[in-house]
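Top to bottom, those sequences are chains A and B. Sequential numbering of the first sequence, starting at 1, is according to the numbering used here. Sequential numbering of the second sequence, starting at 1, is according to the numbering used here. Cβ atoms here follow ideal geometry from the backbone N, Cα and C, with glycine treated the same way. No experiment lies behind these values; they were computed from the predicted model shown. Written below as structure tokens is the structure these notes are about.
There are 2 protein chains.
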Amino acid sequence: MEHIENDEQFGGLTVNKGVNQPPVVNPYLRPRRRRVLPNAGELVEGILKGDITTLARAVTLVESLSPEHQAIAQEVIEKCLPHSGNSRRIGITGVPGAGKSTSIDVFGLHVLKRGGKLAVLAIDPSSERTKGSILGDKTRMEKLSVHPDAFIRPSPSAGSLGGVARKTRETIVLCEAAGFNNIFVETVGVGQSETAVHSMVDFFLLIQLAGTGDELQGIKRGIMEMADGIVINKADGDNIQRAQLAQAQFRSALHLFPPTASGWRPEVLTYSGYFELGIPEVWDMIDRYFEFVDANGYFERKRSEQARYWMYETIDEQLRAHFYHNPEIERMLAEKEISVLNNQQSSFTAARDILDLYFKG
Amino acid sequence: MEHIENDEQFGGLTVNKGVNQPPVVNPYLRPRRRRVLPNAGELVEGILKGDITTLARAVTLVESLSPEHQAIAQEVIEKCLPHSGNSRRIGITGVPGAGKSTSIDVFGLHVLKRGGKLAVLAIDPSSERTKGSILGDKTRMEKLSVHPDAFIRPSPSAGSLGGVARKTRETIVLCEAAGFNNIFVETVGVGQSETAVHSMVDFFLLIQLAGTGDELQGIKRGIMEMADGIVINKADGDNIQRAQLAQAQFRSALHLFPPTASGWRPEVLTYSGYFELGIPEVWDMIDRYFEFVDANGYFERKRSEQARYWMYETIDEQLRAHFYHNPEIERMLAEKEISVLNNQQSSFTAARDILDLYFKG
């Protein structure tokens, strides 16, 4: 069949497809269900007990595209919500090659030494295309991947950024209900995901490399100004001086930025993920941040703002999806784009014409 | 009447307003139209001739909220479009006190010395609230306000940022059709307007003041990374050294940023608007920028992207307006916000419920 379709596609031959085969099983026998759908109540019970296998099953439902699975997932999330919120949510980003996996491994181990549990999630809507799915290869986190109190979950790979971000945010709820009081959310730091992560974490950590000029240029514009802390990796051996120079440069650059909404002044530290140097200092900074935002009320305020943000974000995304997935609209958009690019019509009247089609029929 | 209203306002006296006067004209006589609506064709003709009075009338129609005026305005814009585009569009921003008006005055005069014409527009959706409408007081631009080749237009004050930005963008089209080959668009640099301006200009100039720490903190986060050039004002007298220090700091900070989409490396210069020092150097930088983006094709590409951007931006804005201006939706939103903030419902199911109301009935 593959072969025939290929030929058809390239128009080389006309091949008779033949008739459909009759069914080989008796259609009057009702097929046995392969798998019973999980029960939301049981899932919630398991999650609240901290059972990691149940948590993983529930996350799979959250990520599933099947409407049946989604219905159960939403029920589970709703029941877990009152038990969620009790964690430190930390976003970690950095360009490929900055040593994110190794760093998360040692940061995570440091966190776990102090007790509690750690979930490591990721947002990477591009993973399907780029193949290099972050967290996909758990073995890159040697220590965490075998730690009983760590739960590592690669990015859900299917769907739009909005969809992927929603799934990650829902997974945070489930992890928290399961007693995970530390949540790391990883992104690759080169795309659009950072705004989404920034909108679901309490602290945003940017991993940078020492270097001048081009070596520092991989990170996407605007991310630096989102960071609550910048940490410069690979501050070891011959590289220490360069790392310290980069630290001084970043510090002086941050002085030129206005204060963050929290009133916190972002700090810049150096460390070595590979040689495990400077890790407690990084975590002391994060502790200081949480003390600071607990004291000034920003922590609670930001959490509320984020919940509100995601409600409006979801609405806006769905409004757009409903509009742009309309085939008639798509066709007209393509035409209007050309008119606009050729200066035949203004952007605004073009938009108005398409909106008229949408709202008036 | 003025007097009575004033008294009422201050509650000093209660003054009987009296009864309404009967009409003094025969109501059965059809009133003569006070003013004939302008004719689009005539407006276009005047604009293409470069007549500034006609241009100003057309801009008033663009800014008008009356549907009749809007219809004419859109026709005029459509007819002007093929004659638009031939200008350098420069966004100029800086915090209040940075000396924007004085700077625009001397920059503008410098530009006009080289020939051509200059339109100075503004985006400031907050001007109604803050009273301090930018460009509202033309006399702050002493030289430009009396220059025959300059057209200064304050920000349209009514409406949302989206609406104000649209009007400014349409005004650019009319100005260009009238032969204005230099367009300045001013913003205050503390709000949301900068993204809008950035999306309608070729070059984004950020005016800063010399100073350390808090003095540099007025500017909104993220704006620095948008700038194609940063210029430090008040580099005169005792302040020269501080300005040069700030220049060095900004230069070193910009080194940490990734390259801009254009490939251009933003430059940092010092000048004095008041003493008119360093003005040609600032303009040489802008000339270099235009040579650079002309040569690498970015200029044309960005203009196309901006036209497309505004089409999609208008669509998204209208989709949101249609949704949020629905009284039933507004009521449900208020309820759902509370559920979300109290962790009774997830952001996503809350959004889903409201969307169901919108789409299904």
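The three-state secondary structure of glutamine 208(B), taken from DSSP, is strand. Of all residues in the segment 47-69 of chain A, none has a C-beta nearer than 8 Å to a C-beta of chain B.
Under the three-state reduction of DSSP, alanine 227(B) is assigned to coil, being neither helix nor strand. The C-beta distance from valine 231(A) to isoleucine 207(A) rounds to 6 Å, short enough to meet the 8 Å contact threshold. Sorting Leu65(A), Tyr309(A) and Ile338(A) by C-alpha distance to the C-alpha of leucine 341(B) places Tyr309(A) at the top.
For valine 62(A), the three-state secondary structure derived from DSSP is helix. Apart from sequence neighbours up to five positions away, the residues of its chain that approach glycine 278(B) with a beta-carbon distance below 7 Å are Ala235, Leu269, Thr270, Tyr271 and Ser272, ordered along the chain. For glutamate 335(B), the uninterrupted alpha helix (DSSP H) run begins and ends at 327-341, by DSSP. Within the same chain, Cβ atoms closer than 7 Å to the Cβ of isoleucine 123(A) are found at Ser155, Val164, Ala165, Thr168, Val185, Thr187, Ser193, Ala196 and Val197, the five residues on either side in sequence being excluded.
Close partners of serine 193(A) in chain B (Cβ separation under 8 Å) are lacking, with about 16 Å as the shortest Cβ gap. Within 8 Å of the CB of glutamine 241(B), no CB atom of chain A is found; the nearest one sits about 17 Å away. Taking 7 Å as the threshold, the shortest C-beta distance from glutamine 244(B) to chain A does not fall below it. DSSP, read as helix, strand or coil, puts glycine 91(B) in strand. Taking a Cβ-Cβ cut-off of 7 Å, the neighbours of proline 82(B) in chain A comprise Asn343, given in sequence order. Of the other Cβ atoms in all chains shown, 16 or more fall within 10 Å of the Cβ of glycine 91(B); this residue is therefore buried.
Of all alpha-carbon atoms in Tyr312(B), Arg140(B) and Leu112(B), the one lying nearest the alpha-carbon of histidine 147(B) is that of Leu112(B). Neighbours of glycine 85(A) in chain B, taken as residues at a C-beta separation under 9 Å, are given in chain order as Asn343. Below the 8 Å Cβ cutoff, chain B contributes Ser346 as neighbours of valine 173(A), in chain order. For glycine 179(B), same chain residues with a beta-carbon under 7 Å away, outside a window of 5 residues either side, are Gly50 and Lys117 in chain order. Residues of the segment 91-122 of chain A with a Cβ closer than 7 Å to any Cβ of chain B: none. By the CB criterion at 7 Å, glycine 99(B) and asparagine 233(B) fall inside the cutoff. Close CB contacts of glutamate 328(B) within its chain, under the 7 Å cut and outside five residues either way in sequence, are with Leu357 (chain order). In the DSSP assignment, isoleucine 240(A) falls outside any beta strand (DSSP E) and lies within the alpha helix (DSSP H) extending over 240-255.
Its chain contains no residue whose beta carbon lies nearer than 6 Å to that of methionine 224(B) once the 5 sequence neighbours on both sides are disregarded.
Counted as a single uninterrupted DSSP element, the alpha helix (DSSP H) harbouring alanine 307(A) occupies residues 298-324. For valine 282(B), no Cβ of chain A is located within less than 7 Å of the residue's own Cβ. As DSSP reads the structure, leucine 269(B) sits in a beta bridge with Val231(B). Contact note: lysine 336(B) reaches chain A through Met311, using a C-beta cutoff of 9 Å and chain order.
In this structure, isoleucine 72(A) keeps its C-beta atom at 7 Å or more from the C-beta atom of leucine 81(A). Approximately 11 Å separates the beta-carbon atoms of threonine 171(A) and valine 76(A); this is outside 8 Å, ruling out the contact.
Across the set Gly222(B), Leu161(B), Gly162(B) and Cys175(B), the C-alpha of Cys175(B) shows the shortest separation from the C-alpha of isoleucine 152(B). For alanine 351(B), the closest Cβ of chain A is nearer than 7 Å. One Cα belongs to leucine 48(B), the other to alanine 177(B), and the distance between them is close to 6 Å. Rounded to the nearest whole angstrom, the C-alpha separation of alanine 248(A) and leucine 209(A) is 13 Å. DSSP, reduced to helix, strand and coil, places leucine 37(B) outside both helices and strands of the structure shown, so it counts as coil. By the neighbour-count definition (other C-beta atoms within 10 Å, threshold 16), alanine 307(B) is a buried residue.
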